[in-house]
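Here numbering that gives the first Met the number 0 is used: the first residue of the sequence shown is 0, the next is one more, and so on.
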Amino acid sequence: MQFRDIIGHDDLKRRLRLTVLENRVAHAQLFYGVEGVGKMRLAIAYAQYVCCEHRTPDDSCGTCPNCLQFQRLEHPDLHFVFPIVNKGQSGKSSVCDDFMAEFREAQLQRKYIGLSEWGAMISREQKHLTILSAEAAQINHKMSLKSYQADYKTLIIWAPERMQTEMANKLLKLIEEPPEKTLIILVSDDPKSILGTILSRTQPVHVDTLTEEQVAQCLVQNGVNMTEDELRRVAHLSRGSVLTALRIIEADEQRKQRSIIEQQNMMTDNAKDKQALPPLTDLDYFVQLMRQAWLVGNKKNYDALRQLKTWSEDIAKNMSRDQQINLLTYFENLIRENYVYNVRQPQINYMDKPEEDFAKNFARFIHAGNIEQINNELDLAIRHIAQNVNSSMVLFDLALHFILFLKAKES
Ligand SMILES: [Zn+2]
Numbered sequence: 000m001q002f003r004d005i006i007g008h009d010d011l012k013r014r015l016r017l018t019v020l021e022n023r024v025a026h027a028q029l030f031y032g033v034e035g036v037g038k039m040r041l042a043i044a045y046a047q048y049v050c051c052e053h054r055t056p057d058d059s060c061g062t063c064p065n066c067l068q069f070q071r072l073e074h075p076d077l078h079f080v081f082p083i084v085n086k087g088q089s090g091k092s093s094v095c096d097d098f099m100a101e102f103r104e105a106q107l108q109r110k111y112i113g114l115s116e117w118g119a120m121i122s123r124e125q126k127h128l129t130i131l132s133a134e135a136a137q138i139n140h141k142m143s144l145k146s147y148q149a150d151y152k153t154l155i156i157w158a159p160e161r162m163q164t165e166m167a168n169k170l171l172k173l174i175e176e177p178p179e180k181t182l183i184i185l186v187s188d189d190p191k192s193i194l195g196t197i198l199s200r201t202q203p204v205h206v207d208t209l210t211e212e213q214v215a216q217c218l219v220q221n222g223v224n225m226t227e228d229e230l231r232r233v234a235h236l237s238r239g240s241v242l243t244a245l246r247i248i249e250a251d252e253q254r255k256q257r258s259i260i261e262q263q264n265m266m267t268d269n270a271k272d273k274q275a276l277p278p279l280t281d282l283d284y285f286v287q288l289m290r291q292a293w294l295v296g297n298k299k300n301y302d303a304l305r306q307l308k309t310w311s312e313d314i315a316k317n318m319s320r321d322q323q324i325n326l327l328t329y330f331e332n333l334i335r336e337n338y339v340y341n342v343r344q345p346q347i348n349y350m351d352k353p354e355e356d357f358a359k360n361f362a363r364f365i366h367a368g369n370i371e372q373i374n375n376e377l378d379l380a381i382r383h384i385a386q387n388v389n390s391s392m393v394l395f396d397l398a399l400h401f402i403l404f405l406k407a408k409e410s
C-alpha cells in the first residue's frame with residue numbers, strides 16, 4: 000500500500016512521512032477516527048514507507064523487495080492482530096494466523112471493511128469478535144524474533160479495544176519495554192474503550208473524515224458503478240465515511256431486490272414457487288419498531304405487542320452483536336434526523352428518499368419532550384448488547400420503552 004493509493008488525508012500523509020524523514024517515528028501509535036475512513040490503509044502505507052529501501056520524500060518506491068511484499072501484505076516483518084471468533088477444537092484456541100487469508104482478502108479486495116462485515120466474512124454464527132488471550136503467546140514469539148529483512152518490525156492491531164486480558168497485558172508490556180526497531184500501530188474506531196494504561200503510552204494520530212468529493216472518488220476506486228447524481232447523494236449521506244457509503248448502497252440494493260421479489264411472489268399462486276425474501280434493511284427494522292410501538296400505545300393493539308416480541312427475537316437471532324450495535328447506532332442517527340426534520344431544518348438533513356418518506360408522517364413524534372430519553376435508552380441498549388446481556392431481552396425492553404415514548408406529548 001502506497002500513500003498515493005489512498006485518496007484524501009494529504010496533510011496527515013505529509014506529517015507521517017516527515018516523522019520518517021526526520022527520524023522520529025514513535026514506537027507506539029494510535030490511528031483513530033470514525034469507521035471506514037481508511038485508517039488501516041494509512042497504517043499499512045506508513046509501515047511500508049518506514050521499511051522501503053528507496054523511499055522518496057513523497058512516497059515509498061513500490062518496487063523494492065520490501066515494498067513488493069508489503070503490497071501483498073506478506074512481508075515477514077509485518078504482523079497483524081485483529082478480532083476473531085474462536086473456532087479452535089478440543090481446547091485449542093484459534094489465533095489470527097488461522098484467518099490471515101481472509102484478512103488479506105478483506106484488506107486488499109474490499110479495502111473498507113468494518114467489524115460487522117469482517118464478522119460475517121469469517122463466521123456464519125453470529126458471535127462476538129475478540130482478540131483472544133491465546134494471541135499473546137503468538138505476539139511474544141513474533142516480536143522476539145530478529146527482523147528478517149526490513150529495519151523495522153511492525154505490529155498492526157485492529158480494534159485493540161477488543162483484547163482479552165492476557166493479550167492486553169502482553170501489549171502493555173511491549174509498549175512499555177519495546178524491543179528495538181519495533182513499530183506498533185493500534186487502529187481503532189472506539190478509542191474510549193481502550194485501556195487507559197495502553198492509551199496513555201501511545202501517540203495519538205487522528206484520522207479525519209473525508210470530504211463528500213473524496214468519498215465519491217473512493218467509491219469509484221472501489222468499483223461502484225453509479226450515476227454522478229447517485230454518487231453525490233450517497234457521498235452526502237455518508238458523513239465522510241466510505242464504509243457508511245458502501246452500507247447505504249448495499250441497503251438500497253437490498254430494498255430494490257426485496258420489492259422485486261415481493262411483486263413476483265404476489266403474481267405467483269403456487270406457494271412453493273414463491274422466492275425467499277432478502278433480509279430486512281435497518282430502515283425496515285426501524286419502521287417495524289415505530290409502527291408497532293405506536294399501535295400498542297395509541298390503539299391498544301395487542302397483536303402489535305406480539306409483533307414487537309417477534310421483532311426483538313428476529314434481530315437477536317439473525318444479527319451478530321456487532322450488527323445489532325450498528326443497527327441501534329443507525330436508529331440513533333435516524334431519530335436525530337427525524338427530530339431535525341420535525342423542527343424543520345431541512346438544510347442539515349441527511350436522510351435518503353425512503354427514510355424521508357417515512358419521516359413525513361413519523362417525525363412529529365420525535366420532539367424536545369422525548370428526544371433525550373430516547374437517546375439515553377438507545378445508548379443503554381447498545382451498552383448492554385456490547386456487554387453480552389441477552390439481546391432479545393434488551394431489544395424487547397427497548398421496544399416497550401418506545402411504546403411510552405411515542406405516546407408522550409410534546410411538552
Ligand atoms: Zn520500496
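Note that the Cβ used here is the ideal one computed from N, Cα and C, for glycine as well.
Roughly how many angstroms separate the alpha carbons of Asp150 and His74, rounded to a whole number?
For this step, residue 150 is matched to residue 151 along the sequence shown. For this step, residue 74 is matched to residue 75 along the sequence shown. Approximately 12 Å, taken between the alpha carbons.
Run through DSSP, which three-state label would Met392 get?
Walking along the sequence shown from the start, residue 392 turns up at place 393. In the structure shown, Met392 sits in a helix (DSSP, three-state: H, G or I).
For ligand 1, is there any heavy atom lying closer than 7 Å to the beta carbon of Cys63?
As a first step, residue 63 is located in the sequence shown; it is residue number 64 there, counting from the start. Yes, ligand 1 has a heavy atom inside 7 Å of this Cβ.
May I ask you to list the residues that DSSP assigns as paired with Ser132?
Within the sequence shown, the letter at position 133 stands for residue 132. Its beta-bridge partners do not exist; DSSP assigns none.
Kindly indicate which residue of Ala46, Arg109, Glu212 has the alpha-carbon position closest to the one of Asp228.
Along the sequence shown, read from residue 1 onward, the residue named residue 228 stands at position 229. Nearest option by C-alpha distance: Glu212.
Is the CB-CB distance between Leu114 and Asp321 below 8 Å?
Indexing the sequence shown from 1 puts residue 114 at position 115. Indexing the sequence shown from 1 puts residue 321 at position 322. In contact: Leu114 and Asp321 (Cβ atoms closer than 8 Å).
Looking at Asn224: is its Cβ nearer than 8 Å to the Cβ of Lys110?
As a position in the sequence shown, residue 224 is number 225, starting the count at 1. As a position in the sequence shown, residue 110 is number 111, starting the count at 1. No, the Cβ-Cβ distance between Asn224 and Lys110 is not below 8 Å.
Would the region 300-318 and the region 351-361 be scored as touching if the rule is three or more Cβ pairs under 8 Å?
No, the region 300-318 does not touch the region 351-361.
Between which two residues does the beta strand (DSSP E) holding Ser187 run?
Taking the first residue of the sequence shown as 1, we reach residue 187 at position 188. Where Ser187 is concerned, the enclosing beta strand (DSSP E) stretches over 181-187.
If I follow the unbroken alpha helix (DSSP H) through Phe102, where does it start and stop?
For the purposes of this step, residue 102 is taken as the residue at position 103 of the sequence shown. Element bounds for Phe102: 99-104.
Would the C-beta of Cys66 count as close to ligand 3, meaning under 7 Å from any of its heavy atoms?
Although ligand 3 was asked about, the structure shown includes only ligand 1 as ligands.
Enumerate in chain order the residues of its own chain whose CB-to-CB distance from Arg71 is below 8 Å, with the five nearest sequence positions on each side excluded.
Here the question's residue 71 lines up with position 72 in the sequence shown. Cβ within range, chain order: Arg103, Leu107.
Check whether the Cβ atoms of Ser132 and Ala158 lie closer than 8 Å to each other.
Stepping through the sequence shown from its first residue, residue 132 is reached at position 133. Stepping through the sequence shown from its first residue, residue 158 is reached at position 159. Contact flag unset, no.
Identify every run of the alpha helix (DSSP H) within the region 225-254, keeping only runs that are complete inside it and at least 4 residues long; order them along the chain.
Correct list: 227-236.
Give every residue of the same chain whose Cβ lies closer than 6 Å to the Cβ of Lys273, excluding the five residues on either side of it in the sequence, and list them in chain order.
Within the sequence shown, residue 273 is the residue found at index 274, counting from 1. Same-chain partners within the cutoff: Asn264, Thr267.
Evaluate Ser319 with the Cβ neighbour count: other Cβ atoms within 10 Å of its Cβ, from every protein chain shown; 16 or more gives buried, anything less gives exposed.
As a first step, residue 319 is located in the sequence shown; it is residue number 320 there, counting from the start. That one is buried.
Just to confirm, is the Cβ distance from Gln1 to Ser93 under 8 Å?
Residue 1 sits at position 2 when you count from the first residue of the sequence shown. Residue 93 sits at position 94 when you count from the first residue of the sequence shown. Cβ distance not < 8 Å, so Gln1 and Ser93 don't count as in contact.
Thinking just about the alpha-carbon of each residue, which of Lys91, Asn22, His205 is nearest to the one in Asp9?
Counted from its first residue, the sequence shown places residue 9 at position 10. Minimum Cα distance to Asp9 is reached at His205.
From the DSSP output, read off the bridge partner residues of Thr328.
Residue 328 sits at position 329 when you count from the first residue of the sequence shown. According to DSSP, Thr328 bridges with nothing at all.
For Ala367, which of Arg231, His140, Tyr340 has the nearest alpha-carbon?
Here residue 367 refers to the residue found at position 368 of the sequence shown. Among Arg231, His140, Tyr340, the Cα nearest to that of Ala367 belongs to Tyr340.
Alpha carbons only, please: which of Thr328, Glu336, Leu333 is nearest the one belonging to Ile381?
As a position in the sequence shown, residue 381 is number 382, starting the count at 1. Of Thr328, Glu336, Leu333, the residue nearest in Cα terms is Thr328.
Within a Cβ cutoff of 6 Å, which residues of the same chain sit near Ile373, ignoring the five residues on either side of it in sequence?
In the sequence shown, counting from the first residue as 1, residue 373 sits at position 374. Closer than 6 Å at the Cβ level, and outside the excluded window around Ile373, lie Ile334, Phe404.
How about Asn387 and His127: are their beta carbons less than 8 Å apart?
Sequence index remark: in the sequence shown, residue 387 carries index 388 (1-based). Sequence index remark: in the sequence shown, residue 127 carries index 128 (1-based). In this structure, His127 lies closer than 8 Å to Asn387 by Cβ.
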